[in-house]
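Only one structure is covered here, and it is reproduced in the block below.
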Amino acid sequence: MFKPLLFAALALLALPAGAADVKTLLKEADAFRLADDSARVETEVRVMKAGKLDKTRLYAVYVKPGRRSLVVFRSPSERGQKMLMLGDDFWLVLPTSQRPLRITPMQKLLGDASTGDIASLTWAEDYDGKVDGEQTIDGVPCLRLDITGQRKGVSYPRIVLYLAKNDRRPVHAELYVASDKLAKEADFRFGDVDGRRQVVAMVLTDRLQRERLTEVHYLARAAKTLGDEYYNPAFLIRADIEN
Amino acid sequence: MKPIIVLAWVLGLTAVQAVADDAATDLAYKTRFVGEAHGLRADTVFAPGVPLTSFGRDRARFEQEARGRVGPVSLLLTGTFSGQQGQHAAGKPLANEAYVDFGSGENRFSAGKKILSGDVGYGFRPIDVLQREVRLQALPPTLEGIPSLIWERFTADAAWSMVWANPGYGRRGESRDDGSLALRGYRRWQGADLHGVARLSSRYGSELGAAISTVPHESLELHASFLAQRRGERFAPLAAPATIAQLLAPDQALRTVTIDAPRKLLAGFTWTTERGWSVLGEAWWDGTAPTAGDWSTLARQAAQRSALLAFPGVPAAAVNGSIAASTALFAAPVRTRRGQLARVAWTDPAASGWSGSFDLLRTPEDGGWVATLAAGWEADRLRLDAGVRYFGGKSESSYRLMPEQRVLFVGASLAF
């Protein structure tokens, strides 16, 4: 008679620790990507084709709570471009026409690494879902989270995310586009940043195009809080932020 | 411009580049080449005047661009060396932008020469009352800013700016060079962008406009724009009936017509897919554009002028010159009052660098059209473009009357 109760108790214990609270798991994982709520992140994107470096792009990314991100394009070929993301709304400024141009979430997906890959540095604000078992990835025991976007503007409506069981660091992610097609897989590299273990690079393997790999390197992070006016689309044409 | 001045400009840009290591200097450079091959229409009614115009002449330009900041000054400098078939090439250095942005918190200021584009449309922009950007050009040159003093005030979701454009000037040759005072407003409301503008100038009196842009679906963007002017102007052919003396006077070939209270209106959408396709549709009305009647009058007067060549004593130079002068109407930024634009574009979502587009602009008022097919490829620092543009339509439509039938264009730019 005790057996069913014992099995039930064991089953509960066997559940991943944070299974009941995916949000908490995501927040723990986010802390490995972005330690500060408001920050400036210098990002370098290296696009590899057939194992050879094809393109390099530089970005300065400013993030602020409230799902606000500002991406300043720093490469010579993209100089003068800026992209602003406020929740589900997106604007782009092109150097050929100095005016904020409203774009759709679909448009921001285009590019070497979509701007969403660069500007979205957290999951907890945008995703929710369930713990869907455990799996070992590259020898690391992981929790498998199946999470879906809670708003229309997310770059990937569905992500299967693998977090290390011991410290909840992100290890691997499968990124699905709106048609539920696997678009990219992400692997995370870690390093010591100001005494903390942080993600220093995200490697995106394109599953829609063979032999294409994108490395997103986080070169520098600094706590920085820009005023609210900087996240106003009309402010994008000003030079107060680096051009 | 003399080559020595161009050389000095290039050396100046190089000198600017030389101090780029300075922490206060942050510039990016781009070299651009654009070539165009223009094909004349064999049956053009303007044939006698065409040799005096740039129609049908192949042309090329080579641009050197520096963009960024030197100390507190934001700069966009270009040196252009351009030429066309049958003429000597010439150089032109230009400070497209040179301004200082300053201020803090909600109040911000700008002083200097700055690009002031506005509005929400692609093919037509009614409330772009300051920059007055010419749209739908193939591989256009870099925009030139407007000398201005600006006071701006920002909150998280609203902004307004007071712009004194071309300070100290009144009416000048081009409307974009006129002195004017403008108030521009912006507000985010219910997920939509709302824009407003009011402008005062001696040429148009008061102008009042508004625009909206919104994204109701992850793939769909909708936009609309409206402008009301106290008065407007348009170029038109010589009033009919014209005397022989008028027909033979090049400086009377076109006249400026004042329009009372014209309106401009635009509505459009963009549909984007995750496969990299986008479809844009726009329709507009421009009460300051030439009418279908203007174009048929222009063609009729060109035929009348050509007919005068048969009469003894009529100087061919006057006929040819008058016809050539009348073709300036083809430079109107909007050809007829009604316009419809469809654009299909594709950018490889796998980021191979390839992109392509097809544009079809129709002018329902006179039955004309212009179609443009273009392709581009972009690598790390190199971008290549190529395309072809065809003009056609009913016999008396603006695009069919144009002395050119097609333009082939290629472009290459290298960033460093």
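Protein sequence lines correspond, in order, to chains A and B. For the first sequence, counting from 1, position 188 maps to 188 in the numbering used here; every step adds exactly one. If you count the second sequence from 1, you need to add 243 to reach the numbering used here. Backbone N, C-alpha and C define an ideal beta-carbon position, used for all residues, glycine too.
Among the options, the one whose alpha carbon lies nearest that of residue i
i               : options                           : result
I502 of chain B : B:A482, B:A492, B:Q472 and B:Q495 : B:Q472
S353 of chain B : B:G388, B:S600 and B:T540         : B:G388
L382 of chain B : B:F554, B:L616 and B:L373         : B:L616
L465 of chain B : B:V522, B:L320 and B:R304         : B:V522
L644 of chain B : B:P315, B:L551, B:R626 and B:R543 : B:R543
S155 of chain A : A:D36, A:K181 and A:D138          : A:K181
A401 of chain B : A:L58, A:L236, A:G139 and A:G195  : A:L236
R234 of chain A : A:G191, A:D37, A:L84 and A:K27    : The sequence shown places Ala at residue 234 of chain A, rather than the Arg named in the question. Residue A:L84 is the option with its Cα nearest to A234 of chain A.
R68 of chain A  : A:R79, A:Q209, A:D228 and A:R74   : A:D228
R312 of chain B : B:A338, B:P480 and B:A290         : B:A338
G326 of chain B : B:E308, B:A559, B:R304 and B:V316 : B:R304
T287 of chain B : B:F659, B:G434 and B:S640         : B:S640
L443 of chain B : B:L437, B:T457, B:R649 and B:G413 : B:G413
K82 of chain A  : A:F73, A:T24 and A:Q107           : A:F73
P459 of chain B : B:E608, B:T513 and B:A309         : B:T513
G191 of chain A : A:R33, A:L25 and A:K27            : A:R33
E417 of chain B : B:T486, B:L463, B:A561 and B:V372 : B:V372
R586 of chain B : B:V577, B:S638, B:F601 and B:L270 : B:F601
A271 of chain B : B:R310, B:P291 and B:G556         : B:R310
E723 of chain B : A:I118, A:L143 and A:G87          : In the structure as shown, chain B begins at 244 and stops at 659. Residue 723 of chain B is therefore absent and cannot be evaluated.
A239 of chain A : B:R580, B:T457, B:G292 and B:P315 : B:P315
Cβ of residue i within 8 Å of any chain B Cβ
i               : result
R212 of chain A : yes
L121 of chain A : no
V45 of chain A  : no
R99 of chain A  : yes
D240 of chain A : yes
P95 of chain A  : yes
G80 of chain A  : yes
T56 of chain A  : yes
T205 of chain A : no
Residues of its chain near residue i, where Cβ-Cβ distance is below 6 Å and the 5 sequence neighbours each way are ignored
i               : result
A220 of chain A : E42
D344 of chain B : S353
A655 of chain B : F276 and L627
A266 of chain B : The predicted model places A266 of chain B with a pLDDT of 49, which falls under 50 and marks its position as unreliable; any figure quoted below should be read in that light. Excluding positions up to five away in sequence, the list is empty.
S468 of chain B : D362, V363, G364, P369, I370, A454 and L509
R605 of chain B : Q583 and W612
G599 of chain B : W589 and A618
D269 of chain B : G311 and R312
8 Å Cβ cutoff, residue i in contact with chain A
i               : result
R624 of chain B : yes
T515 of chain B : yes
L463 of chain B : yes
E349 of chain B : yes
I699 of chain B : In the structure as shown, chain B begins at 244 and stops at 659. Residue 699 of chain B is therefore absent and cannot be evaluated.
T398 of chain B : yes
D602 of chain B : no
R312 of chain B : yes
A266 of chain B : For A266 of chain B, the predicted structure reports a pLDDT of 49, less than 50, and the residue's modelled location is therefore unreliable. The matter cannot be settled from this model.
E376 of chain B : yes
V577 of chain B : no
F469 of chain B : no
A658 of chain B : yes
D344 of chain B : yes
G361 of chain B : yes
V458 of chain B : yes
Contact set for residue i: own chain, Cβ-Cβ below 7 Å, skip 5 residues either direction
i               : result
E647 of chain B : H281, G282, L283, R284, F298, G299 and F634
L592 of chain B : It should be noted that the sequence gives Pro, not Leu, for residue 592 of chain B. Counting only Cβ-Cβ distances below 7 Å, and skipping sequence neighbours, we find E517, R518 and G519.
A50 of chain A  : E211
D146 of chain A : G129, K130, D132 and V160
Proximal residues to residue i (C-beta, below 8 Å), its chain only, five neighbours per side dropped
i               : result
P410 of chain B : P390, S391, L392 and G422
L541 of chain B : P480, S569, L572 and L644
D264 of chain B : Model confidence at D264 of chain B stands at a pLDDT of 47, short of 50, so the residue's coordinates are unreliable and nothing is read from them.
Residue i CB to nearest heavy atom of the ligand GDP below 7 Å
i              : result
A50 of chain A : Looking at this structure, you won't find the ligand GDP or any other ligand, since it has none at all.
Requested in this report: Jot down the residue ranges of each uninterrupted alpha helix (DSSP H) in the stretch 88-137 of chain A, minimum 4 residues, whole runs only, in chain order.
Outcome: For the stretch 88-137 of chain A, the continuous alpha helix (DSSP H) assignments of 4+ residues that do not extend past its boundaries occur at 115-119, in sequence order.
Query - alpha helix (DSSP H) runs wholly inside the stretch 572-598 of chain B, at least 4 long, in chain order - result: Listed in chain order, nothing qualifies, since the stretch 572-598 of chain B has no complete alpha helix (DSSP H) run of 4 or more residues.
Query raised in the report: Okay, do the stretch 600-613 of chain B and the stretch 557-571 of chain B touch, 3+ Cβ pairs below 8 Å being the bar?
Result: Short answer: they don't touch.
Requested in this report: Inspect the CB distances between the stretch 396-406 of chain B and the stretch 349-368 of chain B and report whether three or more fall short of 8 Å.
Outcome: In this structure the stretch 396-406 of chain B touches the stretch 349-368 of chain B; the number of beta carbon pairs closer than 8 Å is three or more.
Query raised in the report: With a cut-off of 8 Å, do at least 3 Cβ pairs link the stretch 325-332 of chain B to the stretch 201-219 of chain A?
Result: Counting Cβ pairs under 8 Å, fewer than three are found: no touch.
Requested in this report: Could you tell me which uninterrupted beta strand (DSSP E) segments, each at least 3 residues in length, are contained entirely in the stretch 372-404 of chain B, listed from first to last along the chain?
Outcome: As far as the stretch 372-404 of chain B is concerned, its whole beta strand (DSSP E) runs of at least 3 residues are 389-397.
Query raised in the report: Hey, is the stretch 131-141 of chain A in contact with the stretch 546-560 of chain B, meaning 3+ C-beta pairs nearer than 8 Å?
Result: By the C-beta criterion, the stretch 131-141 of chain A is judged not to be in contact with the stretch 546-560 of chain B, since fewer than 3 inter-stretch pairs fall below 8 Å.
Requested in this report: At 4 residues or longer, and completely inside the stretch 20-72 of chain A: list those alpha helix (DSSP H) runs for me, N to C.
Outcome: 22-33, all fully within the stretch 20-72 of chain A.
Requested in this report: Jot down the residue ranges of each uninterrupted beta strand (DSSP E) in the stretch 503-550 of chain B, minimum 3 residues, whole runs only, in chain order.
Outcome: DSSP assignment within the stretch 503-550 of chain B yields the following whole beta strand (DSSP E) runs of 3 residues or more, N-terminal first: 506-515 and 520-529.
**Report entry** the stretch 592-604 of chain B / the stretch 493-500 of chain B touching (three or more Cβ pairs under 8 Å)
**Finding:** No contact exists between the stretch 592-604 of chain B and the stretch 493-500 of chain B.
Requested in this report: Could you tell me which uninterrupted beta strand (DSSP E) segments, each at least 3 residues in length, are contained entirely in the stretch 182-221 of chain A, listed from first to last along the chain?
Outcome: Qualifying beta strand (DSSP E) stretches, in chain order: 182-193 and 196-206.
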